[in-house]
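Just remember that our numbering sits 1 ahead of the position in the sequence shown, which is counted from 1. A virtual CB, placed ideally from N, CA and C, is assigned to each residue, including glycine. Below: the structure, in structure tokens.
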Amino acid sequence: MIERFLTSEILEQVADMPAIALLGPRQVGKTTLIKFLVSRIPKNVIFLDLESNQDRNRLQDAELYLSERENNLIVIDEVQRMPELFPLLRSLIDRHRIPSRFILLGSASPELLQRSSESLAGRITYLALQPLHWGEISSIFSYQQHWLRGGYPEMLLATSDKSSNRRMNDFISTYIERDLPLLGLAVSPLVIRNLFTMLISVHGNVLNMADLSRSLALSSPTVSRYLDFLENAFIIRRLQPYYVNINKRLTKLPKLYIRDSGMFHALADISTYESLTGNLLVGSSFEGYVIQQIIAQLAYNMRPYFYRTADGNELDLLLVRGGVPVLGIEIKYSNSPKLSRGNYIASKDLGNIPLLILTPSASDYKISENVNVCSLQTLNSYLLNMNLIG
């Protein structure tokens, strides 16, 4: 079992809250993680999988079944399959409000998030389980392997890169053809497949909705709705621009990334590390990979953005706490990186914040008092020293 960064937070929240929801895409390891943690929870634990007909039958009279087991911790897997449970869970919690009543596991969906937030406000904590972070498996896999294959356990642990790529392609097909419709995205699988293909060229770039809509022959509101859904399902990330300074002409459109690098590579037909390093997409792929590694472990009070002005002054990633920028990060697929004049101006615009240049494996060194170069291996030491990650 691979120890996950989220382990301690899950145990803390279970001990403190009546309910927690652990959300994330399919096959990311939610059920495996909770089954691993139950030995550390001082209560009898009952698992219900709503993809099992037997377990669904147990909940035909859900109020009776759950109220008779009010002193147990009930884990409900694939909870989005029975959204009608949420009002009942609120009632049961209010009748017997103690910590460690329910753990809800599910693939995020608009319906799941809406119903649970309406029904369980003040009674539930949401946690998101991301694909495996390199810091969780760096003793087993090189960053090159992790970057190529991504963080889904089944793909990462495959016996070869070819097998990993095949598994990811199978996963994408199943997700498009079965899982997304079950989660509520009522659209032709062919349309979603075309959208996924288009996202390869959008990855790492400012999202131009008009261009994307025109390429798909769909209206902008329709494409926007599909993207909302994919973001709620943890497939893509729209990184928002930071534009507090109203005196600057700033970009106000988000950048889009496919969250998992292995999924991006499968969609782009990249199956080996050699083909990745020789591909024109290598720079945007590395940028997306690093951004996922950083954002996946940010402290709860940190907010990620990018920064760009009409004059070309920019930073790939801007970390903000309490509305105040604290660190700018430039991501370079090079071990001999150079900052542009626009990077320095961006730092000055934002209050002369420190800059970190992230490279694949360069030795750490200072460019100036406020600018450091680091590698993936040493990145976390900088983030920890600034209390930016949890």
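Whole-angstrom distance between residue j and residue i, CA atom to CA atom
i      : j      : result
LEU34  : TYR345 : 43 Å
GLY324 : ALA63  : 44 Å
ARG179 : GLU275 : 33 Å
TYR228 : LEU240 : Note on identity: in this sequence residue 228 is Leu, with Tyr being the wrong assignment. Rounded to the nearest angstrom, the two C-alpha atoms are 13 Å apart.
ARG307 : ASN206 : Here residue 307 is Phe; the residue named in the question, Arg, does not match the sequence. Cα-Cα distance, rounded: 11 Å.
LEU65  : PHE37  : 28 Å
LEU106 : GLU155 : 19 Å
GLN55  : ASN195 : 37 Å
PRO338 : ILE104 : 46 Å
SER216 : ASP95  : 50 Å
SER262 : ARG150 : 7 Å
THR175 : ASN58  : 26 Å
PRO182 : VAL188 : 7 Å
ALA363 : LEU231 : 35 Å
GLN309 : ASP317 : Note on identity: in this sequence residue 309 is Arg, with Gln being the wrong assignment. Between ARG309 and ASP317, the C-alpha separation is close to 9 Å.
ASN386 : ASP365 : 15 Å
THR252 : ARG342 : 18 Å
GLN378 : ASN371 : 20 Å
GLY391 : LEU384 : 10 Å
GLN298 : MET18  : 22 Å
ARG226 : GLU79  : 23 Å
SER53  : PRO190 : 25 Å
LEU277 : ASP171 : 20 Å
LEU67  : VAL39  : 19 Å
Cutoff 7 Å; reference residue i; Cβ partners in own chain excluding five residues on either side
i      : result
LEU184 : GLN81, SER108, SER110, ALA234
ARG41  : LEU12
LEU380 : LEU359
LEU121 : ALA20, PHE87, LEU90, ARG91
ILE3   : LEU133, GLU137, ILE138
THR273 : ASP162
ASN336 : THR360, PRO361, SER362, ALA363
ASN166 : ALA267, SER272
THR126 : GLN14, MET18, ILE21
ARG260 : PHE235, ILE236, ILE237, ARG238, GLN293
PRO26  : SER108, ALA234, PHE235, ILE236
LEU51  : ARG57, ILE77, ASP78, GLU79, VAL80, ARG82, MET83
GLN61  : none
Beta-carbon contacts of residue i that lie in its chain and below 6 Å, excluding the five residues immediately before and after
i      : result
ILE397 : Since the displayed the chain opens at 2 and closes at 391, residue 397 lies outside it and no answer follows.
TYR153 : GLN28, PRO132
LYS44  : LEU74, SER101
LEU49  : ASP56, ILE77
LEU351 : PRO326
GLY313 : GLY343
TRP148 : SER262, TYR290
Of the residues the options, the one placed nearest residue i, counting alpha carbons only
i      : options                        : result
PRO255 : ASP162, GLY324, LEU208         : LEU208
GLN145 : ALA122, ASN206, LEU200, PHE287 : PHE287
LEU328 : ASN302, ASN314, LEU356         : LEU356
ILE141 : LEU316, ARG179, ALA159         : ALA159
ILE21  : GLN55, ARG91, ASP56            : ARG91
GLY123 : PRO100, GLU155, SER139         : PRO100
VAL374 : GLU331, LEU105, ILE354         : GLU331
ARG98  : ASN353, ASP171, VAL245, VAL15  : VAL15
MET169 : GLY352, ILE271, SER341, LEU186 : ILE271
ASN72  : GLU85, SER139, LEU93           : LEU93
THR32  : LEU130, ARG226, HIS134, TRP148 : LEU130
GLY30  : LEU340, ILE125, LEU157         : LEU157
TYR334 : LEU281, ASN166, LEU186, SER202 : LEU281
TRP135 : TYR290, GLU52, SER53           : TYR290
GLU315 : SER348, SER285, GLY284         : SER348
LEU319 : GLY284, SER369, VAL245         : VAL245
SER202 : GLN61, VAL283, ILE177, THR278  : VAL283
Inter-residue CB distance, residue i and residue j (contact presumed, cutoff 8 Å)
i      : j      : result
GLU119 : PHE6   : In fact, because the Cβ distance is near 30 Å, the residues do not count as touching under 8 Å.
TYR243 : VAL321 : 7 Å
SER382 : PRO361 : Not really, about 16 Å apart at Cβ, beyond 8 Å.
ALA1   : ASN388 : In the structure as shown, the chain starts at 2 and stops at 391, and residue 1 therefore has no counterpart that could be examined.
PRO326 : ILE292 : Not quite, the Cβ-Cβ distance comes to about 16 Å (not below 8 Å), so this is no contact.
LEU186 : LEU257 : Going by Cβ atoms, the distance from LEU186 to LEU257 rounds to 18 Å, so no, they are not a contact pair.
HIS204 : SER285 : 6 Å
Cβ neighbours of residue i in the same chain (closer than 8 Å, five flanking residues each side left out)
i      : result
ILE173 : PHE197, MET264, ALA267, LEU268
LEU128 : LEU7, GLU10, ILE11, GLN14, ILE21, ALA22, LEU23, LEU24
ARG70  : ILE47
VAL224 : LEU196, MET210, LEU213, SER214, LEU217
ASN302 : ARG322, GLY323
LEU340 : GLU331, LEU356, ILE358, ILE368, VAL372
ILE177 : PRO190, ILE193, ARG194, PHE197
GLY279 : none
(request) Check whether the region 159-170 touches the region 210-220, taking contact to mean three or more Cβ pairs, one atom from each stretch, closer than 8 Å. (result) no
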